[in-house]
Amino acid sequence: AIEAELDGGQISVSSISAWELAMLVARGRIALSMDIGEWLSVVSQIEAVSFMPVDNELAVKSVELPGEFHKDPADRIIVATARKLAAPLVTADDKIRGYPHVRTIW
């Protein structure tokens, strides 16, 4: 599904996802083969991948999401980013997948 959706396009990643990954590594919940900073640097060099900064507009949009959505700030920023880009969101998170105001794939 992801490959069909991408079809030679871009993968945009919210910078908050880099923070979430760093937290998971720091807590020992995910192990990487290299330092998190180095890993993010390597990923940043992939031509099809771009990191979307969390700017003031996204911060505001994350608290103005339509309908009911849970309070996790990182998830709200990720959803706001996908909505801003009018892009599908790749996630296995049931709370995000159940939110009707963003298109998800997994």
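Under the working numbering, read the sequence shown as residues 78 to 183, first letter to last.
Backbone N, C-alpha and C fix where the C-beta goes; we use that ideal spot for every residue, glycine too.
Backbone CA spacing between residue i and residue j [nearest angstrom]
i	j	result
Phe128	Trp183	20 Å
Ser89	Ala103	24 Å
Asp171	Arg106	19 Å
Leu101	Glu115	15 Å
Lys138	Ile173	16 Å
Ala157	Ile123	24 Å
Val119	Val140	32 Å
Ala169	Gly175	10 Å
Glu97	Leu109	14 Å
Nearest-angstrom beta carbon gap, residue j and residue i [assumed within contact, 8 Å]
i	j	result
Val131	Ser91	7 Å
Leu142	Arg153	6 Å
Cut-off 6 Å between Cβ atoms - residues of its own chain near residue i, not counting five sequence neighbours on either side
i	result
Leu166	Ala159, Val179, Thr181
Ser146	Correcting the residue identity first, residue 146 is Phe in this sequence and not Ser. So the qualifying residues of the chain are Tyr176.
Ile113	Ala99, Val102
Leu117	Ala95
Chain-order list of residues whose beta-carbon lies under 7 Å from that of residue i (same chain, five-residue window excluded)
i	result
Ile93	Val131, Ala151, Ile154, Ile155
Gln87	Ala125, Ser127
Residue i, buried or exposed, once every other Cβ within 10 Å from all chains shown has been counted against 16
i	result
Leu135	buried
C-beta neighbour in chain B for residue i, strict 8 Å
i	result
Leu109	Given the protein chain composition of this structure (a single chain), no chain B is represented.
| Can you give, in chain order, each stretch of the beta strand (DSSP E) that sits fully within the stretch 102-138 and has at least 3 residues? | Complete beta strand (DSSP E) runs here, min 3: 126-129.
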